[in-house]
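In terms of numbering that gives the first Met the number 0, the sequence shown opens at residue 0 and continues consecutively. Even glycine gets a Cβ: it sits at the ideal position worked out from N, Cα and C. Here the structure is laid out as structure tokens; the discussion comes afterwards.
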Amino acid sequence: MAGKNWKQYFDFCAIEKNRTNGLCKLCRRNYKDKSGVFSNFLKHLKRQHPLEYNQVFNNEHEYFTEDRNGIEDGHEPIDLTNIKEKENRIILSITKNLIIRCNLPLNLVEKPAFRDFMKECNLKYRPVSTKRLKHDVIPSLTSTVLTRIHEKLITADHVTLTVDVWSDRRCRSFIGITCHFIDQKMSTQAYLIDFFRFKSPHTSENIQQMTDEVLERFNIKKKVFRIVTDNASSMIKAYKFGLSFDTENIEVDERNQFITENGLTIEDFEEHFEPDDLQMVNMNSSDFGENEDSPSVRLSCFAHTLQLCIRDGLKNVPYISKVLEKCQILGKCSNQSSKIAD
């Protein structure tokens, strides 16, 4: 019945080209739509006359956040909350699904063709600037994602890192740190926890320092099981002896944990020992072999090592190198000759 009752607020008449004209009885405004389609009339009633719309559909939500403040100047109040939320959803979707996931430039939102396209999709779309995306939208998305990653890492007991440094076409270096672990559902998880500009010098000390800062920020430094890197000398040296820890605090924490688990008290450790009670014991060097032979925290990337082996192997086979040279020459010719390219 509600779908029919709202039609009492319009006078309908058929017009040319299979369309219908509707005159609003409340504000005397004309609206047009295809015959049999009443979406434009329903939208007008919902936006301009929410009181009547609520009475028909028994829909009591926030069309009147303020009782009747908009009536004094002769206009019905409009629901701006839903409009604002819809605009924010569109902006977030453009930033996340179009610009970031498709790797497009930020100034795309300022191109006339893109704005015309968005107007076709949504007549009430309000253009957004590159500055707003850069300073407001993207930082907000980044903060939300980092919070979710931090919550996931709290539940992990052990993590493995992948650290890599590379340069772009403009010879600007970057470093990326990826975290891998198995969650409580026994599913593998991988998150890029940081990616930032890495300026010279690219020494092992700087690499280790930056890694420590990232791990401290996520509070996972003590959870690191292995660090996978390439075979660069700076990477090997950076993680040769693992990560830097505050050994004094670790020993105190381990002692406190031992006391708590065994139900001991401080008085149990304050017993006075006489020198005569002490005995000399010979310790074999094999007793310390476990610590000396413990594996390094760093692991070489298998894919990178395999790639180096293949490259070196191809160089040492003369007939393969000659074939590759001919292929390179043919590839260059295809870029220079339209006949070969066709």
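| Query | Result |
| --- | --- |
| State the start and end residues of the unbroken alpha helix (DSSP H) segment that holds Tyr318. | Pro317 to Gln335 |
| With DSSP as the reference, label Ile339 as helix, strand or coil. | helix |
| Could you check where the alpha helix (DSSP H) with Ala237 kicks off and where it finishes? | Ser232 to Ala237 |
| DSSP puts Leu41 in a beta bridge; with which residues? | Per DSSP, none; premise fails for Leu41. |
| Helix or strand or just coil, what does DSSP make of Gln188? | strand |
| Would Ser172 and Phe194 be called neighbours here (beta carbons separated by less than 8 Å)? | no |
| For Thr143, which beta-bridge partners are listed by DSSP? | According to DSSP, which records beta bridges pairwise, Thr143 is partnered with nothing at all. |
| Which value, in whole angstroms, describes the spacing of the CA atoms of Pro111 and Asn39? | 27 Å |
| For Val108, I'd like the list of residues in its chain whose CB is within less than 6 Å of its CB, leaving aside the five on either flank, ordered along the chain. | Val127 |
| Express the C-alpha separation of Lys236 and Ser203 in angstroms, rounding to a whole number. | 6 Å |
| Could you spell out where the beta strand (DSSP E) holding Ser299 opens and where it closes? | Arg297 to Ser299 |
| In the DSSP assignment, what residue or residues form a beta bridge with Arg196? | Phe173 |
| On a CA-only basis, which of Asn29, Cys26 and Lys33 is nearest Glu15? Give me that one, please. | Lys33 |
| Identify whether Ala155 lies in helix, strand or coil by the three-state DSSP scheme. | coil |
| Could you check whether Thr94 and Ile137 sit closer than 8 Å to each other, using their CB atoms as the reference points? | yes |
| Considering only their Cβ atoms, is the gap separating Leu152 from Cys178 smaller than 8 Å? | yes |
| Hey, quick one: how far does the alpha helix (DSSP H) through Val213 stretch, first residue to last? | Ser203 to Phe217 |
| I'd like to know if the region 142 to 150 and the region 158 to 175 are in contact, where contact means that at least 3 CB-CB pairs between them fall below 8 Å. | no |
| Can you give me the C-alpha to C-alpha distance between Ile219 and Val158, rounded to a whole angstrom? | 8 Å |
| Can you give me the C-alpha to C-alpha distance between Ile99 and Pro317, rounded to a whole angstrom? | 45 Å |
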